[in-house]
Amino acid sequence: MTQRQVARSDAEYPHRLDGIDGMPDTLWVHGAASLNPDRTVAIVGARSPFHLAAEVARAIGRVAAKLGYTIVSGYATGIDTAGHWGAADEDAPTIAVLGSGIRQKEPLKPALDRYILSKGVFVSEVPDPNARRATQHLLDRNRITAALADVVIVVETEPAGGAAATARFAREHERKVYAVVWDGHEEYEDSRRRGSDDLVVQGIARPLHVLDDRKKYARADLEAHLRRALLCES
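Set out below in structure tokens:
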């Protein structure tokens, strides 16, 4: 599908952006997936996660896709990319929000690009299609990512990281927010991962547990906790 503009007056414009100050009047999109899916979850986090965090992000993407959610993320290296790949594992749609022009997908990820163009959609609010990433574009991307989501899951973040900002914006606009709890894991001692704990302590996010009683990653536990979070199961 060709690149195109979607104006606020168009039926295709994401209804989740309505009523939120600062949302763009026009979006530039590339791909065929709906901008108004029934259920959406944003998976966000650090660009340089430790290996288990990336594995968990991809697993969250897979489980959420199986539950009928469209995965939203910011296309950055690391957690964002893992979330998109989780959708791809289930042949499910994913929405990639860019912090650049619609033609300037950075950094290049050829296999993921092809998947998103066939099963998902790229979104940008930057008018210049060839614009490179810039700080303001990335901040705007974070807000759009949060606004497009019914639920935001932070997998790993620095206290002042972009994922933490996405979570705060989501909470301000009455989205459900979860943060993966890593405390106690043998590889946890890194300040880059403390942001998730901060979000829980501050009441911005609810904890999403992925470790068992031995502080080891438990895939079955993750799926059970995620089902409860997304489907409100007891």
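When we follow the numbering used here, the leftmost residue of the sequence shown carries the number -2, and every step to the right adds one.
Heads up, the beta-carbon is just placed ideally off N, CA and C, and yes, glycines get one too.
Counting only the same chain and skipping the five closest in sequence on each side, list residues whose C-beta sits under 8 Å from that of HIS12.
ASN33
Taking all protein chains shown into account, do 16 or more other C-beta atoms lie within 10 angstroms of the C-beta of ASP18, making it buried, or fewer, making it exposed?
Looking at its Cβ environment, which holds fewer than 16 other Cβ atoms inside 10 Å, ASP18 is exposed.
Work out the CA separation of ALA144 and ARG44 for me, nearest whole Å.
21 Å
Meets three-Cβ-pair contact criterion under 8 Å: the region 93 to 105 and the region 118 to 125
yes
Once the 5 residues before and after TYR112 are set aside, which same chain residues still bring their CB inside 6 Å of it?
ALA85
Could you tell me which residues DSSP pairs with VAL41 in its beta bridges?
VAL151
Where are the alpha helix (DSSP H) runs, 4 residues long or more, that stay fully inside the region 105 to 161, in chain order?
You should have 107 to 116 and 132 to 145.
Would the beta-carbon of ILE40 fall within 8 Å of that of ILE92?
no
Please classify ASP15 as buried or exposed, where buried requires at least 16 other C-beta atoms within 10 Å of its C-beta.
Exposed, by the Cβ-count rule.
With three or more C-beta pairs closer than 8 Å as the rule, is the region 64 to 73 touching the region 166 to 180?
Taking 8 Å as the limit for Cβ pairs, the verdict is that the region 64 to 73 does not touch the region 166 to 180.
Using the Cβ count rule (16 or more neighbours within 10 Å means buried), how would you classify LEU228?
exposed
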